[in-house]
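In our numbering, the protein residues as written are 53 to 356.
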């Protein structure tokens, strides 16, 4: 018996059914849609969570960057880096997301050259609207390198390697830190940090995770303290501080330093920049016992 026109082993008997190929196409499109949706959601969550852009890295080494600078006033805020306040001389800068790099640039220094001269600034903030090469200086810093009436100035800038600092490393436990959740901010380090590790009275060092608000955390905690904290910068220099207490929102000062006193700054003519001053509500603890360790050779930069 001859099959009716339009029918056969690969053709459905009823027009209400969907051909096999159509079903395959539909499933394929659905899969593509789910994948695309997941990608969009992933990007959205990364942005909302403050994740660093792919291949983000703070300025390091001797590379000279060309760009533009604007200016703003952070008031008494310590910026996205969550410092207690701006540096005493109010010479600070906000970087775009790629150079802020999820807080990796916080506490480092740049020498910025403009039409009128050069100024040394501390990275304190993230500039959400700044593309790579665009920086946002404090009012005071901008006035030292350009006329404020310009609004925008052409600049070059570079990292300051081992800047001379007033005092040693500082540590500040975050509000909410406890025996079950370790969260510390490291200050007055000068060079960008690569790693922070901590341990309590017993047990070995635990690696802390850097957060976009410039705190380093160990999610399940490391006990009640006092803590020993090991800090390593991007050039391999390392310092160890002991006696850090579980006292939140207080600046605990030490004599540990990552920068070598014998190492000249990349810009000797620029004066030392003091560390951020604690707000009146914060107290400063006595100096802790520290041990400075020799650093390794400069580490490789990010590979994109």
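Positions of the beta carbon are idealized from the N, C-alpha and C atoms, including for glycine.
*In angstroms, rounded to a whole number, what distance separates the CA positions of residue 193 and residue 172?*
Roughly 8 Å separates the two Cα atoms.
*Just to confirm, are residue 301 and residue 280 a CB contact at a threshold of 8 Å?*
Taking C-beta atoms as the reference points, residue 301 and residue 280 fail to come closer than 8 Å.
*Express the C-alpha separation of residue 155 and residue 265 in angstroms, rounding to a whole number.*
6 Å
*Are residue 180 and residue 207 closer than 8 Å when you measure CB to CB?*
no
*asked:* For the alpha helix (DSSP H) containing residue 120, name the first residue and the last one.
replied: Per DSSP, residue 120 belongs to no alpha helix (DSSP H); it is in the beta strand (DSSP E), 117–124.
*asked:* So, with DSSP's three-state summary, where would you put residue 202?
replied: It is helical.
*Considering only the beta carbon of each residue, do residue 309 and residue 221 sit closer than 8 Å?*
yes
*Where does residue 152 sit, in a helix, a strand or coil, going by DSSP?*
Under the three-state reduction of DSSP output, residue 152 falls in the helix class.
_Secondary structure of residue 174, DSSP reduced to three states_ = strand
*Cβ atoms of residue 282 and residue 249: under 8 Å apart, would you say?*
A contact, by the Cβ cut-off of 8 Å.
*For residue 211 and residue 164, believed in contact at Cβ under 8 Å, the rounded distance*: Residue 164 to residue 211, Cβ: 11 Å. No contact.
*Can you tell me which of 223, 152, 242 and 158 puts its alpha carbon nearest to the alpha carbon of residue 234?*
223
*If you count every other CB in all the chains shown that lies within 10 Å of the CB of residue 133, and 16 or more means buried, which is it?*
buried
*Whole-angstrom C-beta distance between residue 276 and residue 231, which should lie under 8 Å*: 5 Å
*Assigned secondary structure, residue 168 (DSSP; H/G/I helix, E/B strand, else coil)*: coil
*Can you tell me where the alpha helix (DSSP H) with residue 193 in it begins and where it stops?*
191–197
*Would you decide whether residue 183 is buried or exposed? Buried here means 16 or more other CB atoms lie within 10 Å of its CB.*
exposed
*asked:* Quick test of your reading: residue 213 and residue 176, contact by CB under 8 Å. State the CB separation rounded to the nearest angstrom.
replied: Not really, about 19 Å apart at Cβ, beyond 8 Å.
*asked:* Suppose you measure from the CA of residue 270 to the CA of residue 125; what does that come to, to the nearest Å?
replied: 33 Å
_Residues near residue 261 in its chain [Cβ-Cβ closer than 6 Å; skip 5 each side]_ = 269
*Should residue 305 be labelled buried (16 or more other beta-carbon atoms within 10 Å of its own) or exposed?*
buried
*Would the beta-carbon of residue 33 fall within 8 Å of that of residue 241?*
Summary: the structure shown does not reach residue 33, with the chain confined to residues 53 through 356, and so no result is reported for it.
_First through last residue of the beta strand (DSSP E) which encompasses residue 272_ = First-last for residue 272: undefined, no H or E at that position.
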